[in-house]
Every structure is written in C-alpha cells, then in structure tokens.
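Numbering (the working numbering), first residue to last: 66 to 197.
Ideal Cβ positions, reconstructed from N, Cα and C, are used throughout, including at glycine.
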Amino acid sequence: MRLKRTMSVLFFCTIFMLTSITVFAATKSRSSTYSIYHGVYSTNMSMKDKVIVKLTPSQCSKSNLGLYLEKKYFWGWRSPGVGTNSKDVSSKYNSTTTLGGGVPSGTYPVYIRNWDGVNQAKGKVVFTWTKS
Numbered sequence: 066m067r068l069k070r071t072m073s074v075l076f077f078c079t080i081f082m083l084t085s086i087t088v089f090a091a092t093k094s095r096s097s098t099y100s101i102y103h104g105v106y107s108t109n110m111s112m113k114d115k116v117i118v119k120l121t122p123s124q125c126s127k128s129n130l131g132l133y134l135e136k137k138y139f140w141g142w143r144s145p146g147v148g149t150n151s152k153d154v155s156s157k158y159n160s161t162t163t164l165g166g167g168v169p170s171g172t173y174p175v176y177i178r179n180w181d182g183v184n185q186a187k188g189k190v191v192f193t194w195t196k197s
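As structure tokens, then:
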C-alpha cells in the first residue's frame, strides 16, 4: 500500500515537471543591444507564428526605426523592405510591437532599419517568440 502511494506521487510529480518544462520550452526570448546608422539583422529565430519586439532606446535618431520580419527560403532571405510583416516604431520612446501572426512556421530574423542613416540609434532590444 505504501509502495503504491509512493509510486503514484512520484509519477504525478514527474508528469507535472515534464509539463512545466514543455510549457517553458515553447516560448523563447533573446535580448541584445543595437547601435546602428543604417540597419542590422537579429539572430535567426525558428518560430511558429509571431515575434514580440520590445525596443528601449538610449540614443535616438531623427526618424523612426523600421522593423521587418524576413523569411528564409532555400535560395536566401527576402530583401529588407519586402518583409513578411513590417512596422515603423519610434526611435525616441520605448515601444513593444508584434510582427507576424498568421505567418507559416520557419526561420525568421528581424531587420531593424534606421531611416535617418546619418544619426546613430542605440538601445536595447528583446525578442520573444513561440518556437516551431
């Protein structure tokens, strides 16, 4: 009787831990800094649906920043400005935006474009996405 109870408790604890690990493994986050005059690509993200981009500027340029979700194909990447999804955000104020939503699973980087091109934009960026 005592053995059965111990085994059942261990079984449920194992199931609970595996479920928790699976939930935490489903989303991924990466933070970095940017210092750009023109544009820069993020690291590749293997994702299912969308990416949330949070920008915290420390030095702004005179124009907005463009965010482009690019798609990897067997022949290469789609060129900047023709992204699967794109948005313009302020280079002066903190912003959180979502790119994607309805895009097929695949490998995507985010291209961050400084439209000013003369004045440098600096800050922190955090990418959060659902893994594919």
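Name the two residues that bound the continuous beta strand (DSSP E) containing residue i.
i: W194; result: A186 to K196
Quick one: residues in its chain with C-beta nearer than 6 Å to the C-beta of residue i, no 5 flanking neighbours on either side, listed in chain order?
i: T172; result: N109, S111 and K137
i: S94; result: T193
i: M174; result: First, the residue type needs correcting, since residue 174 is Pro and not Met in the sequence shown. For P174, where only same-chain residues beyond five positions count, the Cβ hits under 6 Å are Y106, S107, N109 and E135.
i: S96; result: V191
i: R143; result: E135 and K136
With DSSP collapsed to three states, give me the class of residue i.
i: V88; result: Reliability fails at V88, whose pLDDT of 46 lies under 50, so the model's placement of it is uncertain and no value is given.
i: V118; result: strand
i: Y102; result: coil
Under 8 Å Cβ to Cβ from residue i, same chain only, skipping five residues before and after it: list those, please.
i: K196; result: A90, A91, T92, K93, S111, M112 and K113
i: V116; result: M110, L134, T163, L164, G165, Y173, V175, F192, T193 and W194
i: L130; result: L120, D153, V154, S155, S156, I177, R178, N179, W180 and A186
Could you name the residues of the same chain whose beta carbon sits closer than 7 Å to that of residue i, not counting the 5 residues immediately before and after it, in chain order?
i: L132; result: V118, S151, K152, V154, T162, L164, V175 and I177
i: D181; result: S126, K127 and S128
Segment contact, 8 Å Cβ cut-off, at least three pairs: the stretch 181-189 with the stretch 116-132: yes
Secondary structure, beta strand (DSSP E): runs of 3+ residues fully inside the stretch 104-179: 104-106, 110-124, 130-134, 150-154, 160-165, 171-173 and 175-179
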